[in-house]
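Protein chains in written order, with our numbering: chain A, 1159 to 1534; chain B, 453 to 549.
Here the structure is laid out as structure tokens; the discussion comes afterwards.
Here it is as structure tokens:
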């Protein structure tokens, strides 16, 4: 009876299927996880294509389904996809800004069998929320969060943390409590794509990080049991890399709006890899056979210091996308690791962040115009 | 961590409202699904949780399991597991509504 169960990892099946239904979004968040060149990819899979993806994914063992974007509510067939997900036995997670939602839609999604809603807030005050998201959304989000609970969904309230809102962690947690969120996800910004471009505006100081962590942990202690706080650490302030998605092609499979299959939603930018498309290949071939999904599986691709590192099975060398973005080569050790010969690039960014004013380029909001401007 | 709250023998137990207990063919195991997460259950955990159907009390669940596994004295282990499961929100008591 000792082992209640085990956290699921590395069983070799794509247990987590992320369906990025669209790159369209009414928000313009400075840290958006969509590619900076999202404007190039305007094609979207049809309803029929998505239904097939859901069926194939479930047959491969996927159990968790993320419905994300962009803003997934912009897809008019969302209810159809949710109903099929329920029929297939997925646990479905709607990852939304709350914009595009109304009571009728929430009721229809409930009817279709949606299991859970994750709603994002950009901050806990209207002014900052609307600035960071580049759109007037705060009051609407509050109303939608209340409606989500009224319809008895489990609700995750997600706030991406950065230099401009991290000092308000207490206020954010109070807001989450007032809104009766079941889970609060305080996710420090991960620096890819838009967030990397805006890093100087976003990377907090060490003092900010330490203070926020202390508050979050005190809250965790006080609310343990019924309300959970997931605190995603800012990896630039760590000395070992995160075990990114439990390893490349290990449990996570993302499908971009145009059907491109990715082992990580930030992987699209990696050079030298051709990511397969669900319109041209089966999900089974993509997951098990495609060169892209095998490129960084296991340990054969590793170089020193990872190759002989006793911790390589713990963190898998960190994140391939971060290694590429910060060192120019995706097969390098994630430079967050202080054993990386290129760790100084992270130290430099952290040193720059200790200045009282951001020292980098002006904020670049995530929108079509800026996307086209950033596309070479 | 504080001690998990004690369950009473006549507490009727069900799977927590925000959790789903499901057999996964691909994993050949029962799993508990919840927002953005999943726990693969051991055989013993599954044997206990599949009995938390909203129709049986803690005492009945223990008696039922004891009948199935007569060679061991399992009462204390089952109770301990369920108290932890209750603290995790995996199971709920009917009297909590």
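A virtual CB, placed ideally from N, CA and C, is assigned to each residue, including glycine.
- Comparing alpha carbon positions, the residue from 1252(A), 1285(A), 1283(A), 1281(A) closest to residue 1270(A) is 1252(A).
- When secondary structure is reduced to three states using DSSP, residue 1522(A) falls in the coil class, being assigned neither helix nor strand.
- Following the DSSP letters along the chain, one finds residue 1316(A) inside the beta strand (DSSP E) bounded by residues 1313 to 1319.
- Going by C-alpha positions, residue 496(B) is about 19 Å away from residue 544(B).
- Non-local beta-carbon contacts of residue 1170(A) in its own chain, meaning distances under 8 Å to residues more than five positions away in sequence, involve 1408 in chain order.
- With a threshold of 9 Å between beta carbons, residue 1346(A) makes no contact with chain B.
- If only complete runs of 3 or more residues are kept, the region 1250 to 1322 of chain A shows the beta strand (DSSP E) at 1274 to 1279, 1313 to 1319, in order along the chain.
- Taking the Cβ atoms as the reference, residue 1431(A) lies roughly 14 Å from residue 1414(A), outside the contact range of under 8 Å.
- Counting C-beta pairs with one atom in each stretch, the region 1185 to 1194 of chain A and the region 1523 to 1534 of chain A have three or more that are closer than 8 Å, which means they touch.
- Interface with chain B (9 Å Cβ-Cβ cutoff): residue 1171(A) is included.
- Going by DSSP, residue 1346(A) is part of no alpha helix (DSSP H) but of the beta strand (DSSP E) stretching over 1341 to 1346.
- Contact between the region 1359 to 1371 of chain A and the region 1461 to 1479 of chain A is absent: fewer than three C-beta pairs spanning the two stretches fall below 8 Å.
- Taking 3 residues as the minimum length, the beta strand (DSSP E) runs contained wholly in the region 1333 to 1414 of chain A are 1341 to 1346, 1386 to 1390, 1410 to 1413, in order along the chain.
- Every unbroken stretch of the beta strand (DSSP E) spanning 3 or more residues and falling wholly within the region 1166 to 1237 of chain A is given here in chain order: 1174 to 1178, 1222 to 1226.
- Per the C-alpha coordinates, the member of 478(B), 512(B), 470(B) positioned closest to residue 485(B) is 470(B).
- Contact note: residue 485(B) reaches chain A through 1221, 1222, 1249, 1273, using a C-beta cutoff of 8 Å and chain order.
- For residue 1446(A), no Cβ of chain B is located within less than 9 Å of the residue's own Cβ.
- Within the model, the alpha-carbon separation for residue 468(B) versus residue 1452(A) is close to 38 Å.
- Close CB contacts of residue 1305(A) within its chain, under the 7 Å cut and outside five residues either way in sequence, are with 1261, 1264 (chain order).
- For the region 1330 to 1343 of chain A, the residues whose beta carbon sits under 9 Å from a beta carbon of chain B are, in order, 1340, 1341, 1343.
- Along the region 471 to 527 of chain B, the beta strand (DSSP E) occurs as fully enclosed runs of 3 or more residues at 472 to 476, 481 to 486, 489 to 493, 505 to 509, listed in sequence order.
- Boundaries of the alpha helix (DSSP H) harbouring residue 1444(A): 1441 to 1446, taken from the DSSP string.
- Of all residues in the region 1431 to 1456 of chain A, none comes within less than 9 Å of chain B when Cβ atoms are compared.
- Listed in chain order, the positions of the region 466 to 481 of chain B with a beta carbon within less than 7 Å of a beta carbon of chain A are 470, 472, 474, 476, 478, 479.
- Using a 10 angstroms sphere on the CB of residue 1204(A), the tally of other CB atoms stays under 16, which defines it as exposed.
- With 16 or more other Cβ atoms from the protein chains shown falling within 10 Å of its own Cβ, residue 1254(A) counts as buried.
- Listed in chain order, the alpha helix (DSSP H) elements of length 4 or more contained wholly in the region 1474 to 1509 of chain A are 1478 to 1485.
- Not a single C-beta of chain B is nearer than 9 Å to the C-beta of residue 1359(A).
- Proximity of chain A to residue 535(B) at the Cβ level (cut-off 9 Å) is not reached, the minimal Cβ distance being about 11 Å.
- Judged by their CB atoms, residue 1276(A) and residue 1343(A) are nearer to each other than the 9 Å cut-off.
- In the displayed model, residue 543(B) falls within a strand according to three-state DSSP.
- Interface flag for residue 1276(A) against chain B is set, since a Cβ pair is found closer than 9 Å.
- Among the residues of chain A, none has a CB under 9 Å from the CB of residue 523(B); the nearest is roughly 14 Å distant.
- DSSP places residue 1450(A) in no beta strand (DSSP E) but in the uninterrupted alpha helix (DSSP H) bounded by 1449 to 1452.
- Residue-level contact by beta carbon fails for residue 1175(A) and chain B, as no gap is shorter than 9 Å.
- Residue range 464 to 467 is occupied by the beta strand (DSSP E) that includes residue 464(B).
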